[in-house]
Amino acid sequence: MNDDSVVVEAQGLVKRYPGTIALKGVDFEVRAGRVNVLIGENGAGKSTLMKLLAGAERPTLGRILVEGREVSFANVREAERAGIGIIFQELNLFPDLSVCENLFIGAERCRLGVIDQRSQHEEARRLLSRVGLALDPATPLGDLYVGQQQLVEIARVLGKQVKVLIMDEPTSALSQHEVEILFGIIAALKREGVAVIYISHRLEEIIRVGDHITVLRNGEVVGVDEVCNIDVPWIVAKMVGAARKAFDYRPRELGEEALRVESLSLKKPNGTLALDAVGFSARRGEILGIYGLMGAGRTELLETLLGLHASARGRIVVDGRELGRSRAARRIERGIALVPEDRQLSGMVQSMSVAENMTLSSLVRWCLRWPGGRVVRPGREREACRRMVERLGIKTADIDEPITSLSGGNMQKVVIAKALLTEPSVLLLDEPTRGVDVGAKAEIYRAMLAVAERGVTVLYTTSELDEALAVADRVLVLSSGRLSADLPRDRADRDEIVRKSTPFAA
Amino acid sequence: MSHISSRHVPHATATRVEPPHGAEPTAAPGTLLGSRKGQLKLLLRILKLRIFVALAVVLLYFSLTTGNFLSTANLLIMAQHITVIAILSIGMTLVILTGGIDLSVGSVVGFSGMVAGFLISRGIPIGDQVLFLNVFEVVVVTCLVGLAIGMINGALVTWLNVAPFIATLGMLYVVRGAALLFNDGATFSELGGHAEFGNTGFALLGGGTLFGIGYPVWLLVAMTVLAAAIAARTPIGRYIYAIGGNERAALFSGLKVKKVKLFVYAFSGFCAALVGLVVTSQLQTAHPMTGNTYELMAIAAVVLGGTALSGGRGTVIGSVIGACVISILNDGMVMSGVSSFWQMVIMGLVIILAVVIDQLQQRLQKKVMVAL
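Heads up: the sequence lines are chains D and C, in that order.
In terms of our numbering, the first sequence has 379 at position 379, counting the first letter as 1, and numbering is strictly consecutive.
In terms of our numbering, the second sequence has 522 at position 16, counting the first letter as 1, and numbering is strictly consecutive.
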């Protein structure tokens, strides 16, 4: 299709939040039948702009035009009625409802005022097959992995007849296979004349699927071009202002064995194995990248190491001491720390400040022992927080700010700071760079390298090949709960990793 | 206290935020916005201190309209009423901060009163002998009983995974029934003790004074300071707020969630036992129905004091002031001859109003933060 008329146009949008101005007068055009890419660092204002277009929030100043007419959406439903659908970065689904109920939430098919289950189930199957999910629509959504839930969210929006589809980081939780399905869907949508707004931090992806690109920096548009005219260095230069070196792998002196895992197994509620006799060891100062597709058991492995799954079997030895069946609190004392995958759900306490979140795991370190118990020493606590803010380059006006006032990347750094303040000997990071921009990503990897240089063993999971190879000394590949490969850096090539991560491959 | 109240208003420091990169807002002219901003900030400050404003209003109103409201005798009586609800609300605050609730405290008040009454008037039969504890020992044993019941609540909530509402509702009935079973529904009176058994002086607990102020008031002050210090300055206090804010994150951060919950329920049971002792000592009779529906007044005090029922946000001092407002309002209405039916209606409206104002404050807070 060659019809690339402007469907949605934003003019001079300004959006203020407590403490920040997220958008400072942004103009943005969305063309039909094209993939309109929006890119920028965390906190650049991408998600804010999309929330305005999708009716989730209202601009402080400026106008939004849909097909030439000025609109003002009261909520997401109104925007959907005007033909603008959004797939949010943070999942907006109901874990206790079934997949089918989630797909039709707010738009139930009714007959005589009663939900028409059969028709919904049929349609649900059709939508699910479109996103490559072979699932019973009656499955509770909460039983699905994050990646599968993301696909359900995509299917939900596909169910509406939209003219504009906003995808905010749609691939951040998807495996390579699922990403291919998504790209197929995007191609089909383009043929139908739907305008896709695509937000991603993955530059290769953008070059591959994008048509038109807009770069945001600090709430302003700093670059607009056709994707065919540009390359990755152009994007990076526009995004960060100047080309910045990402991260450097340096071989390190490795110490003695710090972590040994033997025949670690974990059953899923449905009886199949989430982890199947996983065994490996890691040395002091070593960085292990754990690569695997969705459902391969990456998250389960890290959570089991922290002691969050009481039913797990196997031996875990840290610094020569066996952990037995101890739980998280004890294991953190023994030197394990985890940065969880979903920071909103498991990483931070939203009602607390940056400082309170940061010291949550290590509070006893900043305490005075009194006869009746421990008393926090605010001075010591705050000093520790300030050190971390500096060390990780956390952008916050003050450590007493509510953590919710920070951008995603900075929230993630606070969660990492919380883990580091426990002075772990084994640091586990579950998808540490999920939904984080290039700049923050590099800072996170640099922090990991710095930590490893101090003799900490670092394990991180990733679903991106490049990231698995980025800073790791060794790459562990998981496939259907089994450790299918344990490759030293010099032998870890992309083909080998991909082959080993695919279940049922030779 | 300033530290405690800064928790109550987690966004209090927002006024210092500068827009990043020195960018100037392109919105309305600064001067005009400035005065409005000032008004908003003032309003917000008043809203944050609303519980103190409410206290001042009820005090002022009743002292102007009701004759001997400010007489020493009346103030002493009101202080008694305040201590009962306030001490219960202190324990309740910590429970609610974790996102839980303790409906059993009223029953624990009655049961612990019966325990104390039994120990003093009957003694513990051992064979054909009877053991009488002295008053100090009676107090300790009764407090331990309160702690134990609280720990049963905590155990139900943590290890058996019963929802706090259900677990403590069940205990409300069980404990009240136990209090009634104690003496087959009858009271224990004659709590004066006997000099030859060495257990006299129980009346002093509720009736004694220090510097002209009753022991129960001192007890309230001590408990307030203790609980406020725990909440604001100890790791377990921080964990209480964290668990109420996001229990999953607390678990992932390695907090001993179960221990903390056990602690708050035990503490609440302890507070209830203290109240049971005070009331029994004042009445010189242990009545099995003492403390009936006190749990609701305690919850009302906590809510009035600005603590969110969902957990994670609130202060001990707010609850104590909330208890003062409720008690004074109650007594004041009785004194000015408001019919008891209207008293209930007004009390209910005040509680609802408190929550509505809390919501308004939350909304205004966001607005002010955006305007800055």
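Backbone N, C-alpha and C fix where the C-beta goes; we use that ideal spot for every residue, glycine too.
A quick note: this is a predicted structure, and the numbers were derived from the prediction, not measured.
- Task: Return helix, strand or coil for Ile115 of chain D, following the three-state DSSP convention.
- Result: strand
- Query: Going along the stretch 363–375 of chain D in order, which residues come within less than 8 Å of chain C, judged by CB to CB distance?
  - Reply: Leu363, Val364, Cys367, Gly373, Arg374, Val375
- Item | Whether Gly68 of chain D touches Gly193 of chain D by CB criterion (9 Å) | no
- Where do the N-terminal and C-terminal ends of the beta strand (DSSP E) with Lys267 of chain D fall, by residue? 257–267
- Return the chain-ordered list of same chain residues with a C-beta closer than 6 Å to the C-beta of Leu293 of chain D, the five sequence neighbours on each side being excluded. Ser175, Ser501
- Item | Among D:Glu464, D:Thr457, D:Val414, the one whose alpha carbon lies nearest that of Gln444 of chain D | Note that residue 444 of chain D is Ile in the sequence shown here, rather than Gln. Among D:Glu464, D:Thr457, D:Val414, the Cα nearest to that of Ile444 of chain D is on D:Val414.
- Just the Cα atoms here: how many angstroms apart are Gly633 of chain C and Cys777 of chain C? 33 Å
- Query: When the Cα atoms are used, what is the spatial distance from Gly720 of chain C to Val784 of chain C?
  - Reply: 11 Å
- Message: Tell me which residues of the stretch 750–763 of chain C have at least one Cβ-Cβ distance to chain D shorter than 8 Å, keeping chain order.
- Response: Gly750, Gly751, Asn752, Arg754, Ala755, Ala756, Leu757, Phe758, Ser759, Gly760, Leu761, Lys762
- Item | Phe671 of chain C - DSSP class collapsed to helix/strand/coil | helix
- So, using beta-carbon positions, are Ile230 of chain D and Leu38 of chain D closer together than 9 Å? no
- Query: Does the beta carbon of Gly818 of chain C sit closer than 9 Å to a beta carbon anywhere in chain D?
  - Reply: yes
- Item | Partners in chain C for Ser98 of chain D, counting only beta-carbon separations shorter than 9 Å | Neighbours of Ser98 of chain D on chain C: none; closest Cβ ~22 Å, over 9 Å.
- Residue environment, Ala562 of chain C, which counts as buried when at least 16 other CB atoms sit within 10 Å: exposed
- Item | Simplified DSSP state of Gln149 of chain D, which is helix, strand or coil | helix
- Could you round the C-beta distance between Ala669 of chain C and Asn659 of chain C to whole angstroms and report it? I think they count as a contact, below 8 Å. At roughly 12 Å, the Cβ-Cβ gap does not stay under 8 Å, so Ala669 of chain C and Asn659 of chain C are not in contact.
- Message: Taking its Cβ as the centre, do 16 or more other Cβ atoms sit within 10 Å of Tyr771 of chain C, making it buried, or is it exposed?
- Response: buried
- Closest Cα partner of Gly25 of chain D within the set D:Asn36, D:Ala10, D:Ser98, D:Arg31: D:Ala10
- Message: Can you give me the C-alpha to C-alpha distance between Thr791 of chain C and Gly676 of chain C, rounded to a whole angstrom?
- Response: 26 Å
- Message: So Gly347 of chain D contacts chain C; which residues on that side make the cut at Cβ distance below 8 Å?
- Response: Ala755, Phe758
- Does Leu406 of chain D have its Cβ less than 9 Å from a Cβ in chain E? The structure shown contains no chain E; the protein chains it does contain are D and C.
- Query: Counting contacts by CB-CB distance shorter than 9 Å, is Arg880 of chain C in contact with chain D?
  - Reply: With chain C covering 507 to 878 only, the question about residue 880 of chain C has no answer from this structure.
- Query: Under a Cβ-count criterion, where at least 16 other Cβ atoms within 10 Å of its own Cβ denotes burial, should Cys100 of chain D be classed as buried or exposed?
  - Reply: buried
- Message: Please state the DSSP three-state secondary structure of Ser774 of chain C.
- Response: helix
- Message: For a test of the three-state rule: what should DSSP assign to Met795 of chain C, helix, strand or coil?
- Response: coil
- Would you mind sorting Glu383 of chain D into buried or exposed? The rule is 16 or more other CB atoms within 10 Å of its CB. exposed
- Cβ neighbour criterion (16 or more within 10 Å) applied to Val232 of chain D: exposed
- Task: With 7 Å as the C-beta to C-beta threshold (strictly closer), list the residues of the stretch 560–584 of chain C near chain D in chain order.
- Result: none
- Item | Contacts that Thr740 of chain C makes with chain D (C-beta to C-beta distance below 7 Å) | Gly373, Arg374, Val375, Val376
- Message: Which residue marks the beginning of the alpha helix (DSSP H) containing Cys649 of chain C, and which one marks its end?
- Response: 641–664
- Query: With a Cβ-Cβ cutoff of 9 Å, do Gly797 of chain C and Gly782 of chain C count as a contact?
  - Reply: yes
- Query: Could one say the Cβ of Val308 of chain D lies closer than 9 Å to chain C's Cβ atoms, at least one of them?
  - Reply: Contrary to the premise, residue 308 of chain D reads as Leu rather than Val in this sequence. With 9 Å as the cut-off, Leu308 of chain D counts as an interface residue toward chain C.
- Task: Look at the alpha carbon of Leu368 of chain D and the alpha carbon of Leu625 of chain C, and state the distance between them as a whole number of angstroms.
- Result: 40 Å
- By DSSP, does Arg454 of chain D sit in helix, in strand, or in coil? coil
- By Cβ distance below 8 Å, which residues in the same chain neighbour Asn836 of chain C in space, the five residues on each side in sequence not counted? His587, Gln849, Met853
- Task: Run down chain C in chain order and give the residues with a C-beta less than 7 Å from the C-beta of Ile332 of chain D.
- Result: Gly760
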